[in-house]
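These notes concern the structure reproduced below.
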Amino acid sequence: MGSVRPIDPAVVRDLADVVGPRQVVTDPALVAGYTTDWTGRFAGRSPAVVRPARTEEVAAVLAVCNRRGVRVVPQGGNTGLVGGGVPLEGEIVLSLRRLSEIGEVDHAAAQLIAGAGVPIAAVQAAAVRGGLAYPVDLAARDSATVGGSVATNAGGLHFLRYGGTRERLVGIEAVTADGRVLRHLGGLLKDNTGYDLARLFCGSEGTLGVVTEAALALSPRFDHRVTALLAFGSVSGATEAAAALKRTVDSLEALEVFFDDGLRLVCEAFALRPPFDEEFSGYLLVEAADRADPSDTLSEAIDSLEGVMAVAVASAASRRRELWRYREDHTAAINGVGVPHKLDVTVPLGRLSAFLDEVRVRVHATAPEAQTWLFGHAGDGNVHVNVTGVAPDDDAVDDAVLELVAHHGGSISAEHGIGSAKKRWLHLSRSPEEIAVMRAIKDALDPNGILNPNAVLP
Ligand SMILES: Cc1cc2nc3c(=O)[nH]c(=O)nc-3n(C[C@H](O)[C@H](O)[C@H](O)COP(=O)(O)OP(=O)(O)OC[C@H]3O[C@@H](n4cnc5c(N)ncnc54)[C@H](O)[C@@H]3O)c2cc1C
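Read in our numbering, the sequence shown has 101 at position 95, and its numbers run on one by one without any break.
Now the structure itself:
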């Protein structure tokens, strides 16, 4: 980690003039809470955390940093999984959590505007209070923020029906590296007035600007919801069933896959009763939601599937939550085994089954002592390959898995982003020409390179 380079007291004074002295945190014990990522794999160091509460403060902080050449890592809930939100090289941390204002639901437009620091769960709750829903949903919903989810273009559990954050983003307020505020929050559905800056910032992982507010499109709220856990004797049985359900059930909201070893781990880690008396090779967690009860439609679709060995169905919220825990608790249970290498990838749906088989073999051949945990969003071809039992800085497994993904025509990052963890492999998914254009955009918006300098671009 190394020692922290002290910050110029004049910079601290300038920053304190903007946000107030209490919001420039330099006490190492408090700063430590912002310098390690959720997995524990990426630990950095920082001389200070700056905590603005308003857009104007963000703008003034960035103007100070740009003028004085101080590098900045924006941070929301710090639930990111690619080491993009922690100060790896002694940058200051710009915490956006205090930008926590949330507007009323605009019923005519079915939208709401939320500050960067608002947790996703709070957006969902506000939408429900307004008779609607915010469909971007992820297990980190209580901590992950609007700004972080825009910056990473978070996907989540309902992607197959609603798309991810980029599809929900209808306006943005962001601050450029030199402190200019770009405000375009009108939420117009048709607006072909030049470059779409909101979508450019979305997924830029804090390298192009700091998101301060977002206008988000909401979706209808469905009161009838049914969840089913299906067990299969083989990996291909589960992936073929996932494809069939996608084709036949219009009200499908989630289609998650996991396997016997992961389920066993989750049950042990959280003292959960296994869902079935017997163990099976693969599992699909399926959820449908609609204005009328979708149970019959889902049951018919399940009955017509081949290879289903056992089924548990739930409509009551408490039992549905129990079924969801088998999937959602994977991330935390794996963290309990050791510091994981997290490789969130997509492969074409037709290659999913082959990839799931091959990736275990590939990891084992590279690191025989490692354990491979697989789960993910089966409907999107999105697999979370988690590997434990290898040193955090040993990249051999990452190399092997990401090469395999490229071989199958997949993407090295499905939804978590590139961060610092994957920038070495960006060329596997993006051409030299594309990377050169990304670099040109970065240089145009942040010529002094102060914004998240360790993320995305090699
Ligand atoms: C248990 C668990 C489950 C998860 N499930 C999913 C999932 O299903 N789908 C998914 O996509 N992700 C998932 N994630 C990853 C993570 O939650 C998302 O990437 C989330 O969007 C990050 O939000 P955050 O506020 O925590 O951002 P942070 O971790 O704080 O930051 C993430 C990145 O965004 C940048 N950033 C943060 N705020 C801003 C801002 N206001 N302006 C500009 N840049 C900013 C940071 O610099 C960093 O590069 C999961 C994580 C955990 C721990």
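Using N, Cα and C, we set each Cβ at its ideal position, and we do this for glycine too.
Cβ-based neighbour list, residue i, same chain, cut-off 7 Å, excluding 5 preceding and 5 following
i	result
T171	V142, S155, V156, N159, A160, C208
S149	G83, T85, P125
V255	A294, T303, L304, A307
D296	F228, H230, S257
V403	H347, V369, T372, A373, A376, V393, V396
A180	L188, F207, G215, V216, V217, T218
G123	G82, L102, R103, R104, L105, S106, T151, G153
L94	F48, G50, S426, N460
Residue i vs residue j beta-carbon contact at 9 Å
i	j	result
A116	A223	yes
E262	G382	yes
V78	N458	yes
L410	R331	no
E259	H336	no
G416	T352	yes
S101	V56	yes
A133	L118	yes
G91	G425	yes
L380	V365	yes
G96	R47	no
V462	G423	yes
M427	L87	Note on identity: in this sequence residue 427 is Ala, with Met being the wrong assignment. Yes, these two residues count as a Cβ contact at 9 Å.
R430	P398	no
L36	V67	no
Buried or exposed by the 16-neighbour rule on C-beta atoms within 10 Å, applied to residue i
i	result
G153	buried
V367	exposed
P53	buried
V443	exposed
D350	buried
E284	exposed
M7	Confidence is the limiting factor: at M7 the pLDDT is only 46, short of 50, which leaves the residue's position unreliable and the question unanswerable from this model.
S1	The shown model of the chain, from 7 to 464, leaves out residue 1, and the question about it has no answer.
A65	buried
Y543	Examination of residue 543 is not possible in this model, given that the chain is present from 7 through 464 alone.
A244	buried
P346	buried
S435	buried
G137	exposed
Y201	exposed
K196	exposed
R333	buried
R19	exposed
P80	buried
R28	exposed
Sequence-distant residues of the same chain with beta carbon closer than 8 Å to residue i, five excluded per side
i	result
A247	L236, F238, L290, L311, E312, G313, V314
G192	G177, A221
Residues near residue i by beta carbon distance below 6 Å, same chain, minus five either side
i	result
A339	L271, V272, A275
A59	R104
E293	T233, E259, A260
P280	C273
A131	none
S240	S287
A358	For the record, residue 358 in the displayed sequence is Leu; it is not Ala. Cβ within range, chain order: T245, G387.
Supposed contact pair residue j and residue i - C-beta distance, whole angstroms, cut 8 Å
i	j	result
L329	A318	6 Å
D452	L214	7 Å
A128	I108	6 Å
T45	N388	Between N388 and T45 the Cβ distance is about 18 Å, and since that is not below 8 Å, they are no contact.
T218	G121	7 Å
S301	S321	6 Å
A69	D184	6 Å
H190	L175	The Cβ separation is near 11 Å, so there is no contact.
Continuous alpha helix (DSSP H) stretch holding residue i: start and end
i	result
Y168	165-168
V67	61-74
D23	15-25
I340	336-343
L118	Counting along the chain, L118 falls outside any alpha helix (DSSP H), though it belongs to the beta strand (DSSP E) covering 117-121.
V187	Element bounds for V187: not the alpha helix (DSSP H) but the beta strand (DSSP E), 187-190.
H413	402-413
G243	241-254
I126	126-135
A237	No alpha helix (DSSP H) contains A237, which is instead part of the beta strand (DSSP E) from 230-238.
Start and end residues, beta strand (DSSP E) containing residue i
i	result
H370	No beta strand (DSSP E) contains H370, which is instead part of the alpha helix (DSSP H) from 358-372.
F286	Here F286 belongs to no beta strand (DSSP E), and DSSP marks it neither H nor E.
E219	216-223
F155	Looking at the sequence itself, residue 155 is Ser, so the reference to Phe does not match. From DSSP, S155 is part of no beta strand (DSSP E) but of the alpha helix (DSSP H) over 152-158.
V396	No beta strand (DSSP E) holds V396; DSSP gives it neither H nor E.
E259	258-265
H347	347-352
V10	Run containing V10: none; DSSP gives neither H nor E here.
Any non-hydrogen atom of ligand 3 closer than 8 Å to residue i Cβ
i	result
T394	As far as ligands go, the structure on display features ligand 1 and does not contain ligand 3.
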